[in-house]
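Colleague: Residue numbers (our numbering): 408 to 848.
Backbone N, C-alpha and C define an ideal beta-carbon position, used for all residues, glycine too.
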Amino acid sequence: MHDRVPVNPDHTPGSSANNQVNDAANPNHPTAGLPPLTITNVKSICCAPRRSPYPSLVIVKVETSEPGLYGLGCASHTFRPLAVAASVDHYLNAIVQGRSADSIEDVWQLVYRSTNTRNGPIINCALSGLDQALWDIKGKRLGVPLYDLLGGKCRFAVDTYAHASGRDFKELEDRVQRYIEEGYRHIRIELSTYGPEVEQADFHRAEFASPEDRYKDPVEYVVTLPRMFEHIRQVFGEKVQLLHDMIYTRIHPIDAINVIKRLEPYRPFFIEDPFCIEDRQYVHLLRQQTSIPIAYGEKFVNPSEYYDLITGRMIDFIRCHIPYIGGLTAARKVAALGELFGVRTAWHGPADLSPVGHAANAHLDLAIWNFGIQERVRFTPEEEDIFPGCPTFDNGYMHVNDKPGLGIDIDADLAARFPIPEDRIFGGRALRYRDGTIRRA
Ligand SMILES: [Mg+2]
Numbered sequence: 408m409h410d411r412v413p414v415n416p417d418h419t420p421g422s423s424a425n426n427q428v429n430d431a432a433n434p435n436h437p438t439a440g441l442p443p444l445t446i447t448n449v450k451s452i453c454c455a456p457r458r459s460p461y462p463s464l465v466i467v468k469v470e471t472s473e474p475g476l477y478g479l480g481c482a483s484h485t486f487r488p489l490a491v492a493a494s495v496d497h498y499l500n501a502i503v504q505g506r507s508a509d510s511i512e513d514v515w516q517l518v519y520r521s522t523n524t525r526n527g528p529i530i531n532c533a534l535s536g537l538d539q540a541l542w543d544i545k546g547k548r549l550g551v552p553l554y555d556l557l558g559g560k561c562r563f564a565v566d567t568y569a570h571a572s573g574r575d576f577k578e579l580e581d582r583v584q585r586y587i588e589e590g591y592r593h594i595r596i597e598l599s600t601y602g603p604e605v606e607q608a609d610f611h612r613a614e615f616a617s618p619e620d621r622y623k624d625p626v627e628y629v630v631t632l633p634r635m636f637e638h639i640r641q642v643f644g645e646k647v648q649l650l651h652d653m654i655y656t657r658i659h660p661i662d663a664i665n666v667i668k669r670l671e672p673y674r675p676f677f678i679e680d681p682f683c684i685e686d687r688q689y690v691h692l693l694r695q696q697t698s699i700p701i702a703y704g705e706k707f708v709n710p711s712e713y714y715d716l717i718t719g720r721m722i723d724f725i726r727c728h729i730p731y732i733g734g735l736t737a738a739r740k741v742a743a744l745g746e747l748f749g750v751r752t753a754w755h756g757p758a759d760l761s762p763v764g765h766a767a768n769a770h771l772d773l774a775i776w777n778f779g780i781q782e783r784v785r786f787t788p789e790e791e792d793i794f795p796g797c798p799t800f801d802n803g804y805m806h807v808n809d810k811p812g813l814g815i816d817i818d819a820d821l822a823a824r825f826p827i828p829e830d831r832i833f834g835g836r837a838l839r840y841r842d843g844t845i846r847r848a
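#1: Would you tell me roughly how many angstroms separate the C-alpha atoms of GLY812 and ALA613, rounded to the nearest one?
#2: Hey, which unbroken runs of the alpha helix (DSSP H) at 4 residues or more fall wholly within the segment 490 to 565?
#3: On the criterion of 16 or more Cβ atoms from any shown chain inside 10 Å, does TRP776 qualify as buried, or is it exposed?
#4: LEU534 to GLY644, Cα distance in whole Å?
#5: Starting from GLY573, follow its DSSP beta bridges and name the residues at the other end.
#6: Would you tell me roughly how many angstroms separate the C-alpha atoms of HIS418 and PRO442, rounded to the nearest one?
#7: Please say whether TYR655 and GLU597 have beta carbons closer to each other than 8 angstroms?
#8: Counting pairs of Cβ atoms below 8 angstroms between the segment 803 to 811 and the segment 553 to 568, do you hit three or more?
#9: Quick check: the segment 758 to 775 against the segment 722 to 730, are at least 3 beta-carbon pairs closer than 8 angstroms?
#10: Is the beta carbon of LEU773 sitting closer than 8 angstroms to the one on CYS561?
#11: Counting along the chain, where does the alpha helix (DSSP H) carrying HIS638 start and finish?
#12: Just checking: is the beta-carbon of PRO798 within a distance shorter than 8 angstroms of some beta-carbon in chain C?
#13: Would you call GLN516 buried or exposed, if buried means 16 or more other Cβ atoms sit within 10 Å of its Cβ?
#14: Just mark ALA819 as buried or exposed, buried being the case when its beta carbon has 16 or more other beta carbons within 10 Å.
#15: How would you call ARG720, buried or exposed, if buried means at least 16 neighbouring beta carbons within 10 angstroms?
#16: How long is the line joining the alpha carbons of PHE576 and PRO795, rounded to whole angstroms?
#17: Taking its Cβ as the centre, do 16 or more other Cβ atoms sit within 10 Å of LEU692, making it buried, or is it exposed?
#18: HIS611 by DSSP, collapsed to three states: which one?
#19: Buried or exposed: which applies to GLN781, given that a residue is buried once 16 or more other Cβ atoms fall within 10 Å of its Cβ?
#20: Count the other CB atoms within 10 Å of the CB of THR471; is the residue buried (16 or more) or exposed (fewer)?
#21: So if I measure from each beta-carbon to every heavy atom of ligand 1 and keep distances below 6 angstroms, which residues remain?
#22: Under a Cβ-count criterion, where at least 16 other Cβ atoms within 10 Å of its own Cβ denotes burial, should GLY505 be classed as buried or exposed?
#23: Quick check on ALA742: does DSSP put it in helix, strand or coil?
#24: In whole angstroms, give me the CA-to-CA distance for THR799 and ARG841.
#25: Spell out the partners DSSP gives ASN448 in its beta bridges.
#26: For ILE511, collect the residues of the same chain with a Cβ closer than 8 angstroms to its Cβ; drop the 5 residues on either side in sequence, then sort them by chain order.
#27: Does the Cβ of MET805 lie closer than 7 angstroms to at least one heavy atom of ligand 3?
#28: Pick helix, strand or coil for GLY756, following the three-state DSSP scheme.
#29: Using the C-alpha atoms, what's the distance from GLY440 back to PHE724?
#30: Enumerate in chain order the residues of its own chain whose CB-to-CB distance from HIS765 is below 7 angstroms, with the five nearest sequence positions on each side excluded.
#31: Check the C-beta distance from VAL503 over to ILE446 and give it rounded, since I have them as a contact under 8 angstroms.
#32: Distance, Cα to Cα, GLY573 vs LEU579?
#33: What is the C-beta distance between CYS532 and SER463, in whole angstroms, given that I count them as a contact (C-beta under 8 angstroms)?
#34: For ALA431, count the other beta carbons within 10 Å of its own beta carbon; 16 or more makes it buried, fewer makes it exposed. Which is it?
#35: Under DSSP, the beta strand (DSSP E) around LEU479 begins and ends at which residues?
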């Protein structure tokens, strides 16, 4: 049995301010007899529990007319967290205060359409925080974990992949070995540097380049990537699934197609984000050239960006960052579209996402049929203290508890001890060519 969140004992039918009760026509409804549940306050909680250069986190807390009943949602935007927080505190609160906390879809549509121009990532992240918090509240009010609200478990746990990175093949091999020993069956592999130091120093001759900027030799990357896959396959055989993200060493689209084709002998589980979003139509050419599975969408914010790729069967894994697309309400629909077209999910899930966001990912992963794989992160002790109820990991699987709603809380006082530093800017550096030109990423 799940713990039922105690309702306000003062709630008696007909005693609420507007003299209404929920579902009066159905006395057996779990909320029958309770006053309507309204949103009384929406606010952001920002914190940066990981040291620089890790991103800052934005959580949305939604309070309701039932004393003690609140929800949490993830609104984390890696690059502009304070802009999201301002959107929550200055706009969302005013729009939804007094609205029904039970009407998740209605509130979502109201906020989504309230800016006239839709699908900005800042607004979407704020909306995601609100949306996830409303799902959390509904689960708490009904006394069931979110995965039950979403249809119930399709699997006993969430299979995840870990990140292995090394400066050379040997260091990478050691890290893959460690993850295999921990029980992971899926591992993302990458080298942290490409190109000799002398070339890496060259681009700083461009006086406008920041010392924080990076250089990765595109030719070195194209030559080395198949060798890296070959090496890891030779060492570990076929007993591990290998993934790779191309976003960190963005190369020209046609070069990306060429190098992905050369990975076929090594059977990648998927190649992630092979093109920047401006070049996404190149995926049509890629699809004609190879059957290597493609994960795409970490930077998508608008349905038009993923709709064509899913319905055209151009991709194999939906890679969206759930806050960027507006939260669980949007992600459920994208996942359902994917199911119809044989496309699985691989929601974005690094340290950019708050533990609340990881919990939301996991509940959705448990309940949707076309789940593929989940990116995982290792929570820090500080995060586990700030967010009681963090998902746990075992043998490569992620687990959530069976408490009502998302099953995760926040210690706001403790979070306040990790404020976002004034000089914390994540993503202010550029990936450049050797001559100093900024590359698309
Ligand atoms: Mg990525």
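Modeller: With the structure as the only source:
#1: The sequence position of residue 812 within the sequence shown is 405, counting from 1. The sequence position of residue 613 within the sequence shown is 206, counting from 1. Roughly 52 angstroms between the two C-alpha positions.
#2: 500 to 503, 511 to 519, 528 to 549 and 553 to 556
#3: In the sequence shown, the residue the question calls residue 776 occupies position 369. Exposed.
#4: Within the sequence shown, residue 534 is the residue found at index 127, counting from 1. Within the sequence shown, residue 644 is the residue found at index 237, counting from 1. Approximately 44 angstroms, taken between the alpha carbons.
#5: Indexing the sequence shown from 1 puts residue 573 at position 166. BP columns for GLY573 point to LEU598.
#6: Here residue 418 corresponds to residue number 11 of the sequence shown, with the count starting at 1. Here residue 442 corresponds to residue number 35 of the sequence shown, with the count starting at 1. Only weak support exists for where HIS418 lies, its pLDDT of 35 falling under 50; the value from the coordinates is given anyway. Looking at the two C-alpha atoms, the distance is approximately 6 angstroms.
#7: As a position in the sequence shown, residue 597 is number 190, starting the count at 1. As a position in the sequence shown, residue 655 is number 248, starting the count at 1. Yes, the Cβ-Cβ distance between GLU597 and TYR655 is below 8 angstroms.
#8: yes
#9: yes
#10: Here residue 773 refers to the residue found at position 366 when the sequence shown is read from its first residue. Here residue 561 refers to the residue found at position 154 when the sequence shown is read from its first residue. Yes.
#11: Locating residue 638 in the sequence shown gives position 231, where the first residue counts as 1. Taken as a continuous stretch (DSSP letters only), the alpha helix (DSSP H) holding HIS638 covers 625 to 643.
#12: Absent from the structure: chain C. Only one protein chain is present.
#13: Taking the sequence shown and counting its residues from 1, the one referred to as residue 516 is at position 109. Under this definition GLN516 is an exposed residue.
#14: Counting from one through the sequence shown, the residue named residue 819 turns up at place 412. It counts as exposed.
#15: Indexing the sequence shown from 1 puts residue 720 at position 313. ARG720 is exposed by the Cβ-count criterion.
#16: What you label residue 576 is simply residue 169 of the sequence shown in a count that begins at 1. What you label residue 795 is simply residue 388 of the sequence shown in a count that begins at 1. Each residue's alpha carbon lies about 38 angstroms from the other.
#17: The count along the sequence shown starts at 1 and reaches residue 692 at position 285. Exposed.
#18: As a position in the sequence shown, residue 611 is number 204, starting the count at 1. Of the three classes helix, strand and coil, the one that applies to HIS611 here is helix, per DSSP.
#19: As a first step, residue 781 must be located in the sequence shown, where it is residue number 374. Classification of GLN781: buried, given that the 10 Å Cβ count is 16 or more.
#20: Mapped onto the sequence shown, residue 471 falls at position 64. So THR471 counts as buried.
#21: ASP652, ILE654, GLU679, ASP680 and GLU705
#22: As a first step, residue 505 is located in the sequence shown; it is residue number 98 there, counting from the start. Answer is exposed; the Cβ neighbour count stays below 16.
#23: Walking along the sequence shown from the start, residue 742 turns up at place 335. Here ALA742 sits in helix by DSSP.
#24: By 1-based counting over the sequence shown, the position of residue 799 is 392. By 1-based counting over the sequence shown, the position of residue 841 is 434. Approximately 43 angstroms between the Cα atoms of the pair.
#25: Position 41 of the sequence shown, counting from 1, holds the residue named residue 448. Per DSSP, GLU470.
#26: For the purposes of this step, residue 511 is taken as residue 104 along the sequence shown, with counting starting at 1. Excluding sequence neighbours, ILE511 sits near ASP538, LEU541, TRP542, LYS545 and THR736.
#27: This structure lacks ligand 3; its bound ligands are ligand 1.
#28: By 1-based counting over the sequence shown, the position of residue 756 is 349. Reduced to three states, the DSSP call for GLY756 is coil.
#29: Here residue 724 refers to the residue found at position 317 of the sequence shown. Here residue 440 refers to the residue found at position 33 of the sequence shown. Cα to Cα, the separation comes out at about 44 angstroms.
#30: Counting from 1 along the sequence shown, the entry for residue 765 is found at position 358. GLY756, VAL784 and PRO798.
#31: The residue you call residue 503 lines up with position 96 of the sequence shown. The residue you call residue 446 lines up with position 39 of the sequence shown. Going by Cβ atoms, the distance from VAL503 to ILE446 rounds to 5 angstroms, so yes, they are a contact pair.
#32: On the sequence shown, position 166 is the one that residue 573 refers to. On the sequence shown, position 172 is the one that residue 579 refers to. Distance between the alpha carbons of GLY573 and LEU579: 4 angstroms.
#33: As a working note, residue 532 is residue 125 in the sequence shown. As a working note, residue 463 is residue 56 in the sequence shown. Contact doesn't hold; Cβ gap of about 12 angstroms is too wide.
#34: Translated into positions along the sequence shown, residue 431 becomes position 24. No answer about ALA431 holds up, because its pLDDT of 46 lies below 50 and its placement is not dependable.
#35: Translated into positions along the sequence shown, residue 479 becomes position 72. 477 to 481 is the extent of the beta strand (DSSP E) around LEU479.
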